[in-house]
Every structure is written in C-alpha cells, then in structure tokens.
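Chemist:
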Amino acid sequence: MAKSKFIKLNTEMDEYLKLLREIIAIRSVSTDASYQTEIHKAVKWYKELLSRAGAEVEIISGYDNPFVIAKFLVDKSLSTCLVYGHYDVQPANIDEGWTSEPFSLRIDDQRVYARGVVDNKGQALIHIYSVIRAFRENKLSKNVVFLLEGNEETGSPALPRFIKDKSKLLKADLALISDGEIVGSTPVIEAGFRGGFNSTLQVKTADLDLHSGIYGGTAPNAAHELITILTKLIDAKTYKVNIPGFYEDVDTITDDQLKNNKSIPFNSKDYKDISGIKVILNEEYDVYTQTGLLPSVQITGISSGYNGQGYRNGIPAVASAKINFSTCKITIGAKKLQNSSENLLIRLNQVMLRSIYKSTILMKE
Ligand SMILES: [Zn+2]
1 MAKSKFIKLN TEMDEYLKLL REIIAIRSVS TDASYQTEIH KAVKWYKELL SRAGAEVEII
61 SGYDNPFVIA KFLVDKSLST CLVYGHYDVQ PANIDEGWTS EPFSLRIDDQ RVYARGVVDN
121 KGQALIHIYS VIRAFRENKL SKNVVFLLEG NEETGSPALP RFIKDKSKLL KADLALISDG
181 EIVGSTPVIE AGFRGGFNST LQVKTADLDL HSGIYGGTAP NAAHELITIL TKLIDAKTYK
241 VNIPGFYEDV DTITDDQLKN NKSIPFNSKD YKDISGIKVI LNEEYDVYTQ TGLLPSVQIT
301 GISSGYNGQG YRNGIPAVAS AKINFSTCKI TIGAKKLQNS SENLLIRLNQ VMLRSIYKST
361 ILMKE
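Residue numbers for the sequence shown follow my numbering, so the first one is 1 and each next one is one higher.
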C-alpha cells in the first residue's frame with residue numbers, strides 16, 4: 001500500500017519535490033494558536049510518511065505542540081544518529097512582499113521558494129527522504145532517530161524538559177541538526193549555533209498620556225526616554241553592544257576558526273542583493289564569525305503613543321521595546337544560560353537606571 005507513493009515518479013528529485021510540495025502546503029504556524037489544525041495535519045503527514053517507510057513512529061504530546069519521534073532501526077549493534085528538525089514555521093502572507101503564494105512551492109531557475117523551505121521543512125525532508133531511500137534499499141549503515149519538534153519558532157520552550165524526560169528515547173552516538181543552510185553549493189558542518197532569549201523593556205513616565213499643548217516641554221515623554229535608553233545599547237560607531245560584561249562569557253574565537261571562516265565562500269554583493277541592506281556592519285569580523293560565534297542584541301519591536309489614522313496630540317506615558325539577545329557559549333547548559341540571561345537583564349537594568357531617572361523601568365523576559 002505504502003510503497004506506491006515512491007515508485008510512480010521518475011527521479012529522486014521528483015519524489016522529493018512532490019513530498020516537499022505536500023508539506024509546504026500545510027500551514028503549520030506555531031506562533032499563532034489559530035493554526036492548531038494545521039499543526040496536527042503536519043504531525044499526521046510526517047507520521048504517515050515515516051511509518052509507511054518502516055520507521056517506528058511515536059507522537060508525544062504534553063510538551064506544547066506534539067513531538068514526532070521516528071526510529072529507523074537497522075541493527076542494535078550499529079551506532080545511532082539522532083537527527084533534529086522542526087515542522088513549524090513562521091506566519092507568511094503574500095501581501096508582505098512574496099512574489100507568489102508562500103504556502104505553495106514555486107520552482108524558478110533551479111531554486112525553490114516557499115515559507116519553510118529553508119527553515120526547516122526542506123532540509124529536514126532531505127534527511128528524512130535520504131534515510132527512507134537508504135533504509136528501503138538496505139543501505140542504511142546506522143540506526144537513525146528523527147526528532148521533529150513543533151515549537152522551534154516560538155523558542156522551543158518545552159524542549160529542555162522533553163529531552164530530560166525522554167533521554168532514553170533520544171539516546172544516540174551522534175546528533176545532526178538539519179536546521180542549517182548551505183553556502184552557495186558548498187555543504188556546511190556548523191561549528192555552533194547561537195542561543196538566545198527575548199525581553200520586553202517598558203518605560204513609564206506618567207500615569208496617562210498628556211496633552212502636548214498643555215504639557216509639551218515640561219512633562220517627560222516615554223517615547224523619547226525609551227529611545228534614549230535604546231541608543232545606549234549599541235555603540236553608534238563600532239556597533240558593539242554596550243552592556244557591561246556582555247562579551248565576558250563568550251568562548252574565545254581561535255585563529256584557526258577565524259582563518260577557516262574567512263575561507264568559506266562569501267559573496268557580499270549577493271548578501272546585500274538578497275537582503276536589500278546597503279552595508280555590512282562590524283567588518284572587523286567576517287559574516288560567519290559575526291553571526292555564528294559572536295553575540296548580538298537586536299531591537300525587534302517598538303510601540304508607544306498613537307499609531308492610528310491621523311494624529312492625536314498626546315505625550316505618551318508608556319513606551320515599550322522588544323529586545324532579542326543572541327548569545328553564544330557553545331558549552332553553556334540550560335540552567336547557566338538562564339542564569340546568564342538573568343544576569344544580562346540585571347546589568348542592562350543597571351545601565352538604564354544610571355542613565356534614566358525620569359521614568360519607571362520594567363524589564364521582563
Ligand atoms: Zn529553524
């Protein structure tokens with residue numbers, strides 16, 4: 001019954017693309033609860049594909065969106081590889097600048113376009129599909145366990161607990177993270193991933209918004225105060241993070257790593273063309289070192305005052321910013337990371353309290 005799915009099509013690439021088209025069409029958005037039906041559709045799709053191919057599949061609930069575990073057992077005496085991937089995606093709407101419907105796979109000039117195609121449905125499916133084929137053809141030389149999660153895009157809040165509870169199920173000799181990219185046509189082995197956490201910074205200057213005609217010039221303005229704090233986060237010339245101790249816990253970057261990263265093919269014109277950026281910041285380091293081995297702080301959202309149609313002459317009493325921290329200490333444990341994020345928040349708070357005395361500042365994770 002099951003195998004018909006694989007024998008009708010001509011080439012391996014056709015088979016892969018057919019499957020990719022199916023899973024891309026499932027809108028498994030984890031950041032919005034209204035997509036729960038699609039999340040469960042995606043889980044069912046992987047379960048069917050993997051169990052038809054001969055894997056022992058387990059769907060585990062109780063940790064936010066379900067985890068899919070699929071084991072391809074060849075021989076107990078062989079070593080086991082654990083492959084991690086995620087089936088959830090960020091939302092996408094054609095109005096946001098897509099040239100075609102984001103949940104429909106488009107192939108153009110040898111490239112595939114769709115929401116999730118490089119994060120992470122495309123890569124995870126390459127690993128799944130390759131293992132399925134190797135297993136079917138008796139060419140699999142290791143046992144393989146797939147771990148597919150559905151909350152990567154919301155920061156994997158339940159993953160540490162899941163790993164702790166299910167360590168027996170996930171036992172492996174090596175682990176492969178399929179959630180990476182290739183550089184041009186060069187395959188890549190990642191040396192590390194940055195971790196991170198998010199926080200919201202809120203500044204309050206008054207009990208209510210005040211009329212700019214009556215209070216303008218005397219009352220502190222929450223939007224101004226917030227901007228003053230935010231401009232202190234990053235050095236305007238060097239783009240380094242100004243929080244004391246921010247770089248303290250970062251692993252030393254070795255000369256070998258720097259040499260290696262400089263030798264990875266990189267096309268700055270493509271980098272700029274694809275993203276639309278005009279300059280690459282922090283040219284002291286190559287892009288791979290900067291985005292892989294160094295931490296960063298990014299303001300990811302700002303809100304204050306009136307943002308509806310027309311104008312309202314009110315001095316905002318409250319302003320808030322969402323701030324994302326990308327941290328990188330490869331060997332850091334979950335608990336230590338938690339502690340260091342708390343430390344960072346405390347240090348950040350100290351900087352702000354020293355510089356701002358006109359406002360109440362609230363910082364929460
Ligand atoms: Zn991802």
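Positions of the beta carbon are idealized from the N, C-alpha and C atoms, including for glycine.
Fair warning: this is a prediction, and the values are worked out from it, not measured in the lab.
(1) May I ask whether a heavy atom of ligand 1 can be found less than 7 angstroms away from the beta carbon of HIS40?
(2) Specify which residues have a beta carbon nearer than 6 angstroms to any heavy atom of ligand 1, listing them in chain order.
(3) Would you mind working out which of ARG111, SER320, VAL188 sits nearest THR228, comparing C-alpha positions?
(4) Given a cut-off of 8 angstroms, decide if LEU147 and LEU82 are closer than it, judged by their beta-carbon atoms.
(5) Does the Cβ-Cβ distance between CYS328 and LEU281 come in under 8 angstroms?
(6) VAL279: buried (16+ other C-beta within 10 angstroms of its C-beta) or exposed?
(7) How would you write the range of the alpha helix (DSSP H) that PHE72 sits in, first residue to last?
(8) In the DSSP assignment, what are the bridge partners of TYR113?
(9) Would you list, in sequence order, the uninterrupted alpha helix (DSSP H) runs of no fewer than 4 residues that lie entirely inside the stretch 246-270?
(10) With burial defined as no fewer than 16 other Cβ atoms inside 10 Å of the residue's Cβ, what is the status of VAL373: buried or exposed?
(11) Which full runs of the alpha helix (DSSP H) of 4+ residues lie inside the stretch 119-150, going along the chain?
(12) Beta-carbon within less than 8 angstroms of VAL112's beta-carbon, same chain only, minus the 5 sequence neighbours each way: which residues are those?
(13) Quick one: what does DSSP say TYR35 is sitting in, helix, strand or coil?
(14) Could you pull out every residue in the same chain whose Cβ sits closer than 6 angstroms to the Cβ of ILE264, ignoring the five residues on either side in sequence?
(15) Can you tell me the Cα-Cα spacing of GLU248 and LEU169, whole angstroms?
(16) Could you work out which residue in ASP273, ARG27, ASN221 is closest to VAL318 when comparing CA atoms only?
(17) Kindly indicate which residue of GLU152, SER268, VAL144, THR252 has the alpha-carbon position closest to the one of THR31.
Modeler: According to the data block:
(1) no
(2) HIS86, ASP119, ASN120, GLU152, ASP179
(3) SER320
(4) yes
(5) no
(6) exposed
(7) Taken as a continuous stretch (DSSP letters only), PHE72 belongs to no alpha helix (DSSP H), being part of the beta strand (DSSP E) at 67-72.
(8) ARG106
(9) 255-263
(10) Because residue 373 is not part of the residues shown, which for the chain are 1 to 365, the question remains open.
(11) 121-136
(12) LEU17, LEU20, LEU105, ARG106, GLY122
(13) helix
(14) VAL183, TYR288
(15) 36 angstroms
(16) ASN221
(17) GLU152
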